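Colleague: Numbering (this note's numbering), first residue to last: 1064 to 1267.
#1: Compare the beta carbon distance of residue 1102 and residue 1119 with 8 Å and say whether it is the shorter of the two.
#2: Roughly how many whole angstroms lie between the Cα atoms of residue 1145 and residue 1125?
#3: DSSP three-state call for residue 1101: helix, strand or coil?
#4: Would you list the one or two residues that DSSP bridges to residue 1253?
#5: Along the chain, where does the beta strand (DSSP E) that runs through residue 1229 open and close?
#6: Does the region 1182-1200 come close enough to the region 1211-1218 that 3 or more CB-CB pairs lie under 8 Å?
#7: For a quick check, are the C-beta atoms of residue 1206 and residue 1251 less than 8 Å apart?
#8: Closest to residue 1114 by C-alpha separation, out of 1170, 1199 and 1183, would be which residue?
#9: Could you give the distance in angstroms between the alpha-carbon of residue 1182 and the alpha-carbon of residue 1249?
#10: Which same chain residues, not among the five before or five after residue 1151, have their C-beta less than 6 Å away from its C-beta?
#11: Under the three-state reduction of DSSP, which class applies to residue 1181: helix, strand or coil?
#12: Among all the DSSP beta bridges, which residues are the ones paired with residue 1127?
#13: For residue 1156, count neighbouring C-beta atoms within 10 Å of its own C-beta (all shown protein chains included) and say buried if the count is 16 or more, exposed if not.
#14: Go ahead and pull the three-state DSSP assignment for residue 1132.
#15: For residue 1098, count neighbouring C-beta atoms within 10 Å of its own C-beta (all shown protein chains included) and say buried if the count is 16 or more, exposed if not.
#16: On the three-state DSSP scale, how would you describe residue 1237?
So this is what it looks like as structure tokens:
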């Protein structure tokens, strides 16, 4: 009859193998995410040099169209074209641009548990910057933060005031269930502030 230690040995080996597999899987996820961000930055830099959109990898269904920065929270992301599943897996996406009373509004969406997790720390008065492919940087200041129920309200620009920016993610931040009705909306309006860095020093 096998000893107790002999019976335990295969179980221990199995546990170690499973633990190793999980650690390898977690490491691969982080490695893939880091590689994707590197490729997005490279595609963005290339787009600014060439003056036209560049895919980060050949089979991508999206490409960088802007750069979003919120220095107070050390947030710095390349904004991707569209909000497909692939786009939002790698960064915030430009959802739509629509005309408001004071001009054109841009809506940028992102996942609450990854790239737009920082929105929960955003406060009115914070400065943010949006750079386009031509290198033009627009300054904004957070005007308000609110929760919207998508079942009863659609995202629309204010009826008055200048053109601005809406940053949107699902809410609440602690809820892992997908496709909930609530949206966390950060509204930012144009600011006269000048970006402290020149275009050439914003790379990275």
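No residue lacks a Cβ here, since even glycine has one placed at the ideal position from N, Cα and C.
Here the structure is a predicted model, which is why all the values come from computation and not from measurement.
Modeller: The relevant details are as follows:
#1: yes
#2: 7 Å
#3: helix
#4: 1203
#5: 1228-1233
#6: no
#7: yes
#8: 1199
#9: 8 Å
#10: 1174
#11: helix
#12: 1143
#13: buried
#14: strand
#15: exposed
#16: coil
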